[in-house]
Amino acid sequence: MSIDTLRDVTHIVDNLSPEQTATLDSLSDQLQGFMRTLVDQGGPAARRAKNWLNGVWLGHPLHPALTDVPIGAWWAGAALDLVGARSAADAAITVGVLTAVPTALAGAADWSDTEAEQRRTGLVHALLNSVGLTCMIGSLFARRGDQRGVGVVLSMLGLGVTSFSAWLGGELVYKQGTNVSRNAFEPHLDEFKPVMRMDELQADKLVGAEVEIEGTKLPIVLLKTGQNVLALSGVCSHWGGPLAEGKIVDHQCVECPWHGSTFDMADGSVRQGPATVPAPVFETRVQGGNVEVRTRR
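If you want our numbering, it's the 1-based position in the sequence shown plus 202.
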């Protein structure tokens, strides 16, 4: 296979026609609408489940932490098939099938908040994974029905499809930036710098400001509570939403206006997903009537 052919295959989503793009967008609209309805109608329990699947409790997206288990199990099954270890191969493929379910649910939770190119790539990724999982389930039935040859072929086919889909998952992160913290490359502010006058702040009201660090203007969101001023990076770690345009919930938490991620202004911790990475926190002080900030040490 030539390099050009390989590039064409691996860039399948980049080469979609306008009609194919429209089809994926239409299907995505329907699926995302259905998933959001489930969460909205499910109430607090559904939101907690989505938080868990997003990986809020882990401080890291859950889906990529799980993917190695089914893929690793299926590769192990393929290797065991090659050496004739039938029982071990069947067990490995079974482990892969069982762990693929929570892995898929975690991926779906992440995908429900994507848009545009990432959403299309994610849908193709999910469809390919579904094909791969179907092949693996069919393989198990064939193996148990005394059609081992068919079972091995199906598992090899499923492994190939799933491995290509895993490559697309890498594209989602490394090329398209899905679930990469939007604060990852923000510069640190080591010394206090003024950002605004104290008398410009109103109690219990979010205010946006900027501080220049090494030639880069960094958005900050501030909240005055009593005589204290709380400050976070103004950029949501999930997708870069402007936190200063969000709203206050639970007295000192800020909710992103884009996807509803909620951060505690006191320590930056995530209270509500889909964000999983805490927001950078700034220390504050008041000098000469100016509010000054620096990155919390």
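C-beta: ideal position from N, C-alpha, C; glycine also.
Given the structure is predicted, the values throughout are model-derived calculations rather than measurements.
Beta-carbon proximity list for residue i, same chain, < 6 angstroms, skipping 5 on both sides
{"i": "alanine 446", "result": "Leu408, Gly410, Val423, Gly436"}
{"i": "serine 383", "result": "Ser439, Val479"}
{"i": "glutamate 457", "result": "Gly448, Lys449, Val451, Thr464"}
{"i": "threonine 316", "result": "Gly324"}
{"i": "glycine 371", "result": "His327"}
Beta-carbon spacing of residue i, residue j below 7 angstroms
{"i": "lysine 377", "j": "alanine 405", "result": "no"}
{"i": "glutamate 485", "j": "arginine 473", "result": "no"}
{"i": "valine 493", "j": "valine 397", "result": "yes"}
{"i": "alanine 275", "j": "glycine 261", "result": "no"}
{"i": "cysteine 337", "j": "leucine 325", "result": "no"}
{"i": "isoleucine 415", "j": "proline 389", "result": "yes"}
{"i": "alanine 468", "j": "leucine 434", "result": "no"}
{"i": "arginine 496", "j": "leucine 432", "result": "no"}
{"i": "leucine 330", "j": "serine 365", "result": "no"}
{"i": "methionine 237", "j": "serine 314", "result": "yes"}
Nearest candidate by alpha-carbon position, reference residue i, set the options
{"i": "isoleucine 273", "options": "Thr316, Gly334, Val354", "result": "Gly334"}
{"i": "aspartate 466", "options": "Phe236, Cys438, Arg487", "result": "Cys438"}
{"i": "asparagine 385", "options": "Gly442, Lys419, Pro220", "result": "Gly442"}
{"i": "glutamine 489", "options": "Leu403, Pro421, Lys395", "result": "Lys395"}
{"i": "glycine 491", "options": "Ser367, Gln232, Glu402", "result": "Glu402"}
{"i": "glycine 428", "options": "Thr418, Pro421, Lys419, Gln454", "result": "Gln454"}
{"i": "alanine 350", "options": "Glu412, Ser471, Leu240, Asp283", "result": "Alanine is not the amino acid found at residue 350; the sequence shown has arginine there. Ranking Glu412, Ser471, Leu240, Asp283 by Cα distance to arginine 350 puts Asp283 first."}
{"i": "arginine 249", "options": "Ala468, Gly475, Thr223, Leu370", "result": "Gly475"}
{"i": "alanine 280", "options": "Ile339, Met358, Glu393, Asn430", "result": "Met358"}
{"i": "proline 421", "options": "Trp460, Asn430, Val483, Gly462", "result": "Val483"}
{"i": "valine 241", "options": "Leu229, Thr301, Asp452, Gly462", "result": "Gly462"}
{"i": "arginine 345", "options": "Lys419, Gly470, Ala290", "result": "Ala290"}
{"i": "phenylalanine 343", "options": "Gly417, Gln234, Ala293, Gly245", "result": "Ala293"}
Sequence-distant residues of the same chain with beta carbon closer than 7 angstroms to residue i, five excluded per side
{"i": "glycine 347", "result": "none"}
{"i": "leucine 374", "result": "Gln320, Thr323, Gly324, His327, Thr380"}
{"i": "threonine 223", "result": "Arg322"}
Beta-carbon contacts of residue i that lie in its chain and below 8 angstroms, excluding the five residues immediately before and after
{"i": "leucine 172", "result": "The chain is shown only over 203 to 499; residue 172 falls outside these bounds and no answer can be derived."}
{"i": "tryptophan 254", "result": "Leu264"}
Problem set entry | At least three beta-carbon pairs within less than 8 angstroms, the stretch 305-316 to the stretch 259-269 | yes
Exercise. Which runs of the beta strand (DSSP E) fall wholly inside the stretch 435-494 and span at least 3 residues, in chain order?
Worked result: 449-451, 455-457, 464-466, 472-474, 483-489
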